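Visitor: Per the numbering used here, residue 1 is the first one in the sequence shown, and the count goes up by one each step.
Positions of the beta carbon are idealized from the N, C-alpha and C atoms, including for glycine.
Note that the structure is predicted; figures quoted are calculated from it, not measured.
Can you keep this structure in mind? I'll have questions shortly.
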Amino acid sequence: MIVIFSGGFLAFVIFAWDKASGLSQEERREIGILKGIGWETSDIILLKFWEGMVISLSSFLAGVILAYVHVFLASSVLFEPVLKGWAVLYPKFKLVPFIDASQVVTLFF
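Next up, the structure:
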C-alpha cells in the first residue's frame with residue numbers, strides 16, 4: 001500500500017507542478033499559430049481535450065495489456081521475488097487469467 005500511495009502521490013506532485021508552471025513556450029507558439037490560421041479558442045480547447053483523451057486512453061490500454069502479459073504470460077518475473085519472500089522451497093503457483101470489467105473501469109477512473 002505504501003508503494004501504491006507513493007506512486008499516486010508522485011503522480012499528483014508532477015501533475016500539480018506541470019499545471020502550476022503554466023503554458024510552455026512551445027504551447028504558446030502552437031496556440032498562436034492555430035489562432036493565426038483562423039481557429040477559435042473553443043476549437044483549440046476542444047483539440048486539447050481530445051489530445052489528452054487519446055493520450056490517456058492509449059496509455060491506460062497499453063498499461064493494462066502490458067500488466068496482463070507480465071502477470072499471466074511472463075509469470076510475474078518482476079514481482080515474484082517480492083511475493084515469495086525469503087523462503088527456500090516455493091510451491092507451484094499458477095494464476096488463472098481472469099479480468100473483471102468493474103475492476104478495470106475502477107482502475108481507469
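1. By alpha-carbon positions, which one of A87, S58 and P97 ends up nearest to S76?
2. Do you know how far the Cα of L34 is from the Cα of F49?
3. Check whether the segment 89-109 and the segment 53-68 are in contact - that is, three or more C-beta pairs closer than 8 Å.
4. Measure the C-alpha to C-alpha separation of S24 and D18 and round it to an integer number of angstroms.
5. Beta-carbon separation of F60 and V71 under 9 Å?
Guide: Taking the geometry as given:
1. Relative to S76, the option among A87, S58 and P97 whose CA is nearest is P97.
2. In a straight line, the C-alpha of F49 is about 15 Å away from that of L34.
3. Under the Cβ criterion (8 Å, minimum of three pairs), the segment 89-109 counts as touching the segment 53-68.
4. So the alpha carbons of these two residues sit roughly 10 Å apart.
5. In this structure, V71 does not lie closer than 9 Å to F60 by Cβ.
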